[in-house]
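Let me begin by presenting the structure, written as structure tokens, before commenting on it.
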Amino acid sequence: MPLPLIYHDDYSPEFPPEHRFPMDKFRLLRDHLVDSGLTSDAALLRPQICPVEILALAHDRDYIERYMAGELSREDQRRLGLPWNEALAQRTVRAVGGSLLAAEQALQHGLACHLAGGTHHAHYDHPAGFCIFNDLAVISRYFLESGRVNRVLIFDCDVHQGDGTARILEDTPEAITVSLHCEKNFPARKARSDWDIPLPMGMGDADYLRVVDDTLNYLLPLYQPDLVLYDAGVDVHKDDALGYLKLTDEGLAARDENVLRHCLGRDIPVVGVIGGGYSKDRQALARRHGILHHSAQRVWTSSGCH
1 MPLPLIYHDD YSPEFPPEHR FPMDKFRLLR DHLVDSGLTS DAALLRPQIC
51 PVEILALAHD RDYIERYMAG ELSREDQRRL GLPWNEALAQ RTVRAVGGSL
101 LAAEQALQHG LACHLAGGTH HAHYDHPAGF CIFNDLAVIS RYFLESGRVN
151 RVLIFDCDVH QGDGTARILE DTPEAITVSL HCEKNFPARK ARSDWDIPLP
201 MGMGDADYLR VVDDTLNYLL PLYQPDLVLY DAGVDVHKDD ALGYLKLTDE
251 GLAARDENVL RHCLGRDIPV VGVIGGGYSK DRQALARRHG ILHHSAQRVW
301 TSSGCH
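Residues 1 to 306 (the UniProt record's numbering) make up the sequence shown, in order.
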């Protein structure tokens with residue numbers, strides 16, 4: 001069976017081309033994975049829209065309604081940094097559905113990857129930093145409350161701290177939030193994750209990979225989670241526009257492969273979401289995000305988890 005990969009054509013709606021947020025990267029990532037022979041468009045699994053009652057496990061209902069109706073306050077729009085339209089609202093709830101489907105697939109087969117997801121700055125009742133609804137928090141609450149898992153560990157390697165996830169889940173002890181992030185970067189006011197691992201600016205492959213290995217070697221046996229949500233942000237890359245760390249393509253591939261092998265080596269199902277990545281060169285950015293899926297394919301083939 002092929003590695004489960006989740007995508008929807010809603011993911012890259014029409015968007016101002018000069019905007020800082022690279023909305024077309026999801027479509028370009030799909031194109032890259034198809035062109036590189038990793039998958040075919042027909043093989044990609046298409047998610048449903050995430051129902052409001054599932055979103056409401058991690059978000060205020062009034063906030064959900066206001067966002068979906070295009071009625072955010074000016075302050076919330078400023079925090080979010082994205083223009084509102086119906087296609088973007090549909091994309092947003094579809095992408096949370098995509099992360100849910102990826103988690104379902106991972107629980108069934110051991111590993112699955114989303115071609116979106118990782119919206120870790122979204123808070124309980126407001127958006128922030130290009131993030132509207134927090135898929136990591138929604139999935140955690142959904143699978144915990146349905147009794148499908150007893151403990152979830154979120155391993156967030158985006159260059160920015162997962163502040164929204166930490167705040168939403170701070171009173172959910174069965175959801176362990178772990179954030180490896182560049183210390184001097186957005187958000188200016190950090191939240192408190194269960195485990196915050198602030199990294200110095202300019203850190204390169206070798207030191208970074210050592211931190212990843214040490215962290216997982218310690219935390220996975222400590223918590224023995226039933227599911228790991230891995231935010232594979234590529235904004236740690238040396239060429240990222242918003243990053244400040246110095247990982248290379250090879251460093252990213254080693255990171256992704258190490259994280260997945262750590263989990264599968266302990267029989268822990270793991271979901272990969274793409275997290276942040278920013279560049280004016282959208283094709284290069286899509287290839288960078290694709291490192292997760294190519295790494296996952298190598299692990300999938302060698303681990304026989306299907």
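Even for Gly, the Cβ is constructed at its ideal location relative to N, Cα and C.
- Judged by their CB atoms, proline 225 and valine 152 are nearer to each other than the 8 Å cut-off.
- It is roughly 32 Å from the alpha-carbon of valine 96 to the alpha-carbon of glycine 202.
- Along the length of the region 18-57, whole beta strand (DSSP E) runs at least 3 residues long do not occur.
- Nearest in C-alpha terms to glycine 110, of all of Trp84, Val270 and Gly277, is Val270.
- Cβ-Cβ distances below 8 Å link alanine 296 to Leu3, Leu111, Cys113, Asp256, Leu260 and Gly272 in the same chain, with the five nearest sequence neighbours on each side left out; the list follows chain order.
- For the pair threonine 119 and isoleucine 154, the CB atoms are not nearer than the 8 Å cut-off.
- Burial state of methionine 1 is exposed, judged by a 10 Å Cβ sphere holding fewer than 16 other Cβ atoms.
- Under the DSSP definition of a beta bridge, tyrosine 230 partners with Phe155 and Gly272.
- Counting C-beta pairs with one atom in each stretch, the region 6-14 and the region 84-100 have three or more that are closer than 8 Å, which means they touch.
- The Cβ atoms of leucine 292 and leucine 229 lie no closer than 8 Å to each other.
- Here the region 229-241 makes contact with the region 125-140; the two share three or more CB pairs at distances below 8 Å.
- As the crow flies, the alpha-carbon of aspartate 240 is around 27 Å from that of leucine 44.
- Secondary structure note for tryptophan 195: its beta strand (DSSP E) is the uninterrupted segment 195-199.
- The Cβ atoms of phenylalanine 130 and glycine 81 lie closer than 8 Å to each other.
- Non-local C-beta neighbours of alanine 286 in its own chain, meaning closer than 8 Å and more than five positions away in sequence, comprise Lys25, Leu28, Leu29, Asp31 and His32, ordered along the chain.
- A distance below 6 Å between beta-carbons, with the five flanking residues on each side excluded, links glycine 251 to the following residues of its chain, in chain order: Asp205.
- Following the DSSP letters along the chain, one finds isoleucine 176 inside the beta strand (DSSP E) bounded by residues 175-182.
- By the Cβ-count criterion, alanine 69 is exposed, with fewer than 16 other Cβ atoms from all chains shown falling within 10 Å of its own Cβ.
- When secondary structure is reduced to three states using DSSP, alanine 87 falls in the helix class.
- For proline 22, the closest alpha carbon among the candidates Ser303, Pro127 and His289 is that of His289.
- Just so you know, the alpha carbons of tyrosine 244 and lysine 184 end up roughly 8 Å apart.
- Annotated as proximal: threonine 92 and isoleucine 132, with beta-carbon spacing under 8 Å.
- Under DSSP, alanine 112 forms a beta bridge with Val271.
- For alanine 128, the beta-bridge partners assigned by DSSP are Cys131.
- Here DSSP, grouped into helix, strand and coil, assigns histidine 237 to strand.
- Leaving aside the five residues that flank asparagine 217 on each side, the residues in its chain whose CB is nearer than 8 Å to its CB run, in chain order, His262.
- Setting aside the 5 residues that flank it on each side, leucine 264 is surrounded in the same chain by Gly110, Leu111, Val270, Val299, Ser303 and Cys305, each with a C-beta closer than 8 Å to its C-beta; the list follows chain order.
- Just so you know, the alpha carbons of aspartate 156 and aspartate 196 end up roughly 10 Å apart.
- By the CB criterion at 8 Å, asparagine 150 and glutamate 170 fall outside the cutoff.
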